[in-house]
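Student: For the sequence shown, position 207 matches number 670 in my numbering, and the numbering has no gaps at all. Glycine included, each C-beta is placed from N, C-alpha and C at the ideal position. Structure in structure tokens, see below.
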Amino acid sequence: MASLVFTVLLPLTLGLVMFGLGLTLTVADFARVLKYPKAAAVALTCQIVLLPAVCFGLVLAFQLQGALAVGVMLLVAAPGGITANLFSHLAGGDVALNITLTAINSLLAAFTLPVVVALATLRFLGDEASIGLQFGKFVQVLAIVLIPVAIGVWTRHRFSAWADRMRQPVKIASMSVLGLVTLGALAQSFDVLTANVGRLGGIALVLCTLSLTIGYVAARLFRVSRRQSIASAMEIGLHNSTLAIIVSVSVIGDEVMAVPAAVYGVLMFVPAGLAAYLFSRRAEPLDALAPVQG
464 MASLVFTVLL PLTLGLVMFG LGLTLTVADF ARVLKYPKAA AVALTCQIVL
514 LPAVCFGLVL AFQLQGALAV GVMLLVAAPG GITANLFSHL AGGDVALNIT
564 LTAINSLLAA FTLPVVVALA TLRFLGDEAS IGLQFGKFVQ VLAIVLIPVA
614 IGVWTRHRFS AWADRMRQPV KIASMSVLGL VTLGALAQSF DVLTANVGRL
664 GGIALVLCTL SLTIGYVAAR LFRVSRRQSI ASAMEIGLHN STLAIIVSVS
714 VIGDEVMAVP AAVYGVLMFV PAGLAAYLFS RRAEPLDALA PVQG
């Protein structure tokens, strides 16, 4: 029964989440990056280059080892998603930019995520286990990330009226699935969680807070508008914990590796909610110094 859950039900669950994400996207969303070149470049550089380096430092600082350390690195390599778009809307961010970043980030993550996990596995697990860059596992990650999104995009293009009606129900279902997968991952490795709850809770909160801060500050330093900087903060600050959990369990086959993402999936709402509240209360007096990207 457990094997059926891990090999069939969890990938299908992620498929629903990624299909729901695809229903929110159009081909134009992928091309819109040309409209926001600076904002997109800053956010994606933070996501792909800066955050893994910061996360590696946090893993060492919190003295995580083995599968837990790899799980945190896997989490930081996961793209944003529906949750990032929702919080960007609540915070007064540029949701159109969020959607564009999510679209591009999802494509890139299909290639960058296996690389980050391979390097983390080599560093923290050594010869004990290795996902490496095995072709079969790489194809699995590619499939569970890209295929449902592509089907969602195609469905919206081909059956736009139906897609518009289904976007909200699928979004609600996706958020419900996110909660169930997170709780399931926590329950599955409860002993590991209780033994490491302090370090895992601490690193989850610090990682989310630093990610939000880096996304916003880096964008502002490059004179990106405040609304677009908020979008950047939410996109790289809120990682797709469902993707990280399911890659850990169904692709890599390590339930312990999923625990950091499950903890993060619960705790990320604290700094994200606080950031959204603070952003939404501030006016935009500095945006004259940071013109909208064209």
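Comparing alpha-carbon positions, which option in T584, A491 and L513 lies nearest I699?
Tutor: For I699, the nearest C-alpha among the options comes from L513.
Student: Rounded to the nearest angstrom, what separates F493 and F574 at their Cα positions?
Tutor: So the two alpha carbons sit approximately 17 Å from each other.
Student: For M629, is the beta carbon positioned less than 7 Å from some heavy atom of the ligand MN?
Tutor: Looking for the ligand MN in the displayed structure turns up nothing, as the structure carries no ligands at all.
Student: Go through its chain and collect everything with a Cβ distance to A503's Cβ below 6 Å, but skip five positions before and after it.
Tutor: Excluding positions up to five away in sequence, the list reads V496.
Student: Beta-carbon within less than 7 Å of D627's beta-carbon, same chain only, minus the 5 sequence neighbours each way: which residues are those?
Tutor: Hits under 7 Å: none found.
Student: Please list, in chain order, all residues of the same chain as I511 whose beta carbon is under 7 Å from its beta carbon, the five residues on each side excluded.
Tutor: Here the set comprises L571 and T575.
Student: Residues in its own chain within less than 6 Å of L609 by CB, not counting five upstream and five downstream?
Tutor: The answer, listed in chain order, is A573.
Student: Going along the chain, which residues of its own chain have a beta-carbon closer than 7 Å to the beta-carbon of N561, five neighbours each way excluded?
Tutor: Around N561: A547, N548, S551, A694, M697 and E698.
Student: If you draw a straight line from the C-alpha of A624 to the C-alpha of V558, how long is it?
Tutor: If I take the Cα positions, the gap works out to 21 Å.
Student: Around the C-beta of Q526, are 16 or more other C-beta atoms found within 10 angstroms, so that it is buried, or is it exposed?
Tutor: Looking at its Cβ environment, which holds fewer than 16 other Cβ atoms inside 10 Å, Q526 is exposed.
Student: From R662 to G589, what distance separates their C-alpha atoms?
Tutor: Roughly 22 Å separates the two Cα atoms.
Student: To the nearest angstrom, how far is the alpha carbon of L433 from that of V660?
Tutor: Because residue 433 is not part of the residues shown, which for the chain are 464 to 757, the question remains open.
Student: On the three-state DSSP scale, how would you describe Q631?
Tutor: It is helical.
Student: Can you give the Cα-Cα distance for V712 and A721, rounded to whole angstroms?
Tutor: Cα to Cα, the separation comes out at about 7 Å.
Student: Taking the alpha-carbon of V490 as reference, which of R690, V633, H620 and R686 has the nearest alpha-carbon?
Tutor: Closest by alpha carbon: H620.
Student: Could you check how far apart the C-beta atoms of A667 and V719 are, in whole angstroms? I think they sit under 8 Å.
Tutor: 15 Å between Cβ atoms; not a contact.
Student: Figure out for me which residue from P611, A566 and G520 has the closest Cα to the Cα of R764.
Tutor: Lying outside 464 to 757, the shown extent of the chain, residue 764 is not represented and no answer is given.
Student: Which residue from P500, V710, A532 and N568 puts its Cα closest to that of G485?
Tutor: Measuring from the Cα of G485, the nearest candidate turns out to be N568.
Student: If contacts are defined as beta-carbon pairs under 8 Å, then P611 and F742 qualify, I think. What distance do you get, rounded to the angstrom?
Tutor: Actually they do not touch by this definition, with Cβ atoms about 31 Å apart.
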